[in-house]
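What follows is a set of notes on a single structure, which appears directly below.
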Amino acid sequence: MLWVLLLLVAWSAAAVSCIRLCLVTAGAAQRPHDASQTSVPHELNLYETAFLAGGPQRVADLALVSMHLRRRLLLAHTGWATVVDPEGRDEVERTVIRAIGPEGQSRIAPIRATAADAVRSLADRLVAAGLAVPAGTRTGLESAVRGVRAAAALVVVLAAAAILTPGQGTGHAGPVAAWFGLPLVLTLGCLAIARVENHPYSPWASPSGQHWLDSLPAPERGADRDLLAAVAVRGVGALEDPGLRAAMLSGAGTGV
Numbered sequence: 001m002l003w004v005l006l007l008l009v010a011w012s013a014a015a016v017s018c019i020r021l022c023l024v025t026a027g028a029a030q031r032p033h034d035a036s037q038t039s040v041p042h043e044l045n046l047y048e049t050a051f052l053a054g055g056p057q058r059v060a061d062l063a064l065v066s067m068h069l070r071r072r073l074l075l076a077h078t079g080w081a082t083v084v085d086p087e088g089r090d091e092v093e094r095t096v097i098r099a100i101g102p103e104g105q106s107r108i109a110p111i112r113a114t115a116a117d118a119v120r121s122l123a124d125r126l127v128a129a130g131l132a133v134p135a136g137t138r139t140g141l142e143s144a145v146r147g148v149r150a151a152a153a154l155v156v157v158l159a160a161a162a163i164l165t166p167g168q169g170t171g172h173a174g175p176v177a178a179w180f181g182l183p184l185v186l187t188l189g190c191l192a193i194a195r196v197e198n199h200p201y202s203p204w205a206s207p208s209g210q211h212w213l214d215s216l217p218a219p220e221r222g223a224d225r226d227l228l229a230a231v232a233v234r235g236v237g238a239l240e241d242p243g244l245r246a247a248m249l250s251g252a253g254t255g256v
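Residue numbers are given in the working numbering: position 178 of the sequence shown equals residue 178, and the series is strictly consecutive.
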């Protein structure tokens with residue numbers, strides 16, 4: 001029967017994608033440095049903390065907010081940034097200024113994207129220290145998750161095709177749907193487990209890096225340093241100023 005062949009295809013797709021996700025996850029979970037024994041080579045700065053918590057875009061967001069608080073950059077609630085002081089204090093700030101351009105004004109979204117591309121040396125340092133996940137491991141995990149999602153969608157499509165195929169006889173829809181429900185449960189369960197295992201942990205931090213993030217004290221309200229620390233750890237969602245929050249959320253994408 002045709003529906004049996006479709007069921008075999010569904011099972012094959014589900015099994016292969018789930019096994020791949022399990023293997024990639026197991027590889028990513030291997031600890032080159034024990035999280036309880038790894039000593040941070042130096043006191044991580046806010047940029048490094050931001051990278052571990054939210055990746056390159058979080059670093060760009062931190063630089064933008066920091067420059068705005070020091071009146072070296074003006075961020076409008078409409079989503080525009082204007083340069084006040086064209087001299088950057090570090091490479092990330094200089095990248096932000098270059099991204100704004102010679103006119104001294106630009107939309108925040110493209111600035112964020114350009115500045116996020118300028119933190120490779122920072123990322124390399126954290127990977128070498130065992131605190132950040134190598135880019136290849138992270139992209140492999142993301143690809144494996146997409147594969148399981150695609151397999152789940154394929155199971156649904158094949159199930160519909162099997163049920164709607166003419167000439168299968170009456171009363172076959174229920175049993176066929178039940179058989180296809182098994183690989184669907186497998187893929188959805190695999191996705192749910194992956195979600196639970198990785199939430200609320202950062203996809204950018206290794207187990208040692210996550211241990212460092214978990215050890216940070218909660219930022220207190222008031223001082224700019226504490227606000228920047230909150231942005232580094234939690235993203236622009238930590239901003240309480242409605243105008244600044246609106247500016248940073250303009251085209252933020254994943255930067256929250």
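Idealized CB from N, CA, C, for every residue including glycine. All values derive from a computational prediction rather than experimental measurement.
request  = For Val-156, count neighbouring C-beta atoms within 10 Å of its own C-beta (all shown protein chains included) and say buried if the count is 16 or more, exposed if not.
outcome  = For this step, residue 156 is matched to residue 156 along the sequence shown. That one is exposed.
query = From Val-59 to Ala-159, what distance separates their C-alpha atoms?
reply = For the purposes of this step, residue 59 is identified with residue 59 of the sequence shown, where counting begins at 1. For the purposes of this step, residue 159 is identified with residue 159 of the sequence shown, where counting begins at 1. Rounded to whole angstroms, Val-59 to Ala-159 spans 45 angstroms at the Cα level.
ask   = By how many angstroms is the C-alpha of Cys-22 removed from the C-alpha of Asp-117?
value = Residue 117 sits at position 117 when you count from the first residue of the sequence shown. Residue 22 sits at position 22 when you count from the first residue of the sequence shown. About 30 angstroms.
query = Is there at least one Cβ from chain B nearer than 8 angstroms to Val-127's Cβ?
reply = Although the question refers to chain B, the structure presented lacks it and comprises just one protein chain.
Helix, strand or coil at Trp-11 [DSSP, three-state] = Along the sequence shown, one-based indexing puts residue 11 at 11. Trp-11: helix per DSSP, three-state reduction.
request  = May I have the straight-line CA-CA distance separating Ala-115 from Arg-72, to the nearest angstrom?
outcome  = Counted from its first residue, the sequence shown places residue 115 at position 115. Counted from its first residue, the sequence shown places residue 72 at position 72. Answer to the nearest angstrom: the Cα atoms are 16 angstroms apart.
key: Three-state class that DSSP yields for Pro-32 in the structure shown   = Locating residue 32 in the sequence shown gives position 32, where the first residue counts as 1. Caution applies to Pro-32, whose pLDDT of 49 falls short of 50 and renders its modelled position unreliable; the value that the coordinates give is listed next. The answer is coil: DSSP assigns Pro-32 none of H, G, I, E or B.
Spatial distance of Ala-15 from Ser-143 (CA atoms) = The residue labelled residue 15 in the question sits at position 15 within the sequence shown. The residue labelled residue 143 in the question sits at position 143 within the sequence shown. Cα to Cα, the separation comes out at about 16 angstroms.
ask   = Grouping DSSP H, G and I as helix and E and B as strand, with all else coil, what is Ser-250?
value = On the sequence shown, residue 250 is found 250 positions in, with the first residue counted as 1. It is coil, neither helix nor strand.
message = Quick check on DSSP: helix, strand or coil for Leu-23?
response = On the sequence shown, position 23 is the one that residue 23 refers to. Helix, per DSSP.
message = With distance defined between alpha-carbon atoms, name the residue in Leu-122, Pro-134, Gly-79 nearest to Tyr-47.
response = Residue mapping note: residue 47 aligns to position 47 of the sequence shown, counting from 1. With distances taken between Cα atoms, Tyr-47 lies closest to Leu-122.
message = Checking the sheet assignment: what are the DSSP bridge partners for Ala-81?
response = Along the sequence shown, one-based indexing puts residue 81 at 81. Per DSSP, Leu-75, Ser-106.
ask   = For Ala-132, which three-state DSSP category applies?
value = Taking the first residue of the sequence shown as position 1, residue 132 is located at position 132. Here Ala-132 sits in strand by DSSP.
query = When we look at the beta-carbon of Met-1 and count the other beta-carbons within 10 Å, is it buried (16 or more) or exposed?
reply = Walking along the sequence shown from the start, residue 1 turns up at place 1. Exposed, since its Cβ has fewer than 16 Cβ neighbours within 10 Å.
key: Unbroken alpha helix (DSSP H) run spanning Ala-60, endpoints   = Residue 60 sits at position 60 when you count from the first residue of the sequence shown. It spans 56-69 - the alpha helix (DSSP H) in which Ala-60 sits, taken as one unbroken run.
ask   = Hey, quick one: how far does the alpha helix (DSSP H) through Trp-204 stretch, first residue to last?
value = Position 204 of the sequence shown, counting from 1, holds the residue named residue 204. Per DSSP, Trp-204 belongs to no alpha helix (DSSP H) and is neither H nor E.
key: Collapsed DSSP secondary structure at Pro-166 in the structure displayed   = Stepping through the sequence shown from its first residue, residue 166 is reached at position 166. In this structure, Pro-166 counts as coil in the three-state DSSP scheme.
ask   = Cβ of Ile-97 within 8 angstroms of Cβ of Leu-64?
value = As a first step, residue 97 is located in the sequence shown; it is residue number 97 there, counting from the start. As a first step, residue 64 is located in the sequence shown; it is residue number 64 there, counting from the start. In terms of Cβ geometry, Ile-97 and Leu-64 do not form a close pair [threshold 8 angstroms].
request  = Report, in whole angstroms, the separation of the C-beta atoms of Trp-204 and Val-145, which I expect to be a contact under 8 angstroms.
outcome  = In the sequence shown, counting from the first residue as 1, residue 204 sits at position 204. In the sequence shown, counting from the first residue as 1, residue 145 sits at position 145. Wrong, their Cβ atoms sit about 16 angstroms apart, outside the cutoff.
Where Pro-32 falls, given that 16 or more other Cβ within 10 Å makes a residue buried = Within the sequence shown, residue 32 is the residue found at index 32, counting from 1. Its pLDDT being 49, under 50, Pro-32 is placed unreliably in this model, and the value from its coordinates should be taken loosely. It is exposed - the Cβ of Pro-32 has fewer than 16 other Cβ atoms within 10 Å.
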